[in-house]
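Chemist: Let me begin by handing over the structure; questions about it come next.
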Amino acid sequence: MSLDEYELPEIFDAGDQLWREHAACRGLDTNMFFPERGDYHGVEAARQVCMSCPVRTECGEYALGFPDYAMPGIWGGLSGRQRREMKWGKAS
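Letter 48 of the sequence shown, counting from 1, is numbered 47 in numbering that gives the first Met the number 0, and no numbers are missing.
Structure below.
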């Protein structure tokens, strides 16, 4: 399944997602953005796509709007851990 076909669970209000039409990941396999824990090469491959994306900011902000457990994977070039740190500050 490609990311442009990826459907969010019903608990999410999709809101304005027109930015997805301009995403660099459009048409790519969704599995790329959900690497296994500890798969640093997979994380870097996903981030490389995000680095050239014209809607990277919108994507990352979208993911930040949901609970941590609900948005696994790489969104806007950010891992779940990075998003948690942005939301709650760096863990000590």
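Where a beta carbon is used, it is the ideal one built from N, C-alpha and C, also for glycine. Please read these numbers as outputs of a predicted model, since none were measured by experiment.
Identify, in the order they occur along the chain, each residue of the same chain with its Cβ nearer than 6 Å to the Cβ of Arg-46, setting aside the five sequence neighbours on each side.
Modeler: Around Arg-46: Gly-76.
Chemist: Please classify Asp-66 as buried or exposed, where buried requires at least 16 other C-beta atoms within 10 Å of its C-beta.
Modeler: The sequence given here places Pro at residue 66; Asp does not occur at that position. Exposed: under 16 other Cβ atoms inside 10 Å.
Chemist: Can you list, in chain order, the residues of its chain with a C-beta nearer than 8 Å to that of Gly-59? Leave out the 5 residues immediately preceding and following it.
Modeler: Answer for Gly-59: Trp-74, Gly-75, Gly-76, Leu-77 and Arg-82, listed in chain order.
Chemist: In or out: Phe-33 buried (at least 16 other Cβ within 10 Å) or exposed?
Modeler: So Phe-33 ends up on the exposed side.
Chemist: For the segment 42-86, list the alpha helix (DSSP H) runs that are entirely contained and at least 4 residues long, ordered along the chain.
Modeler: Runs of the alpha helix (DSSP H) inside the segment 42-86: 55-63.
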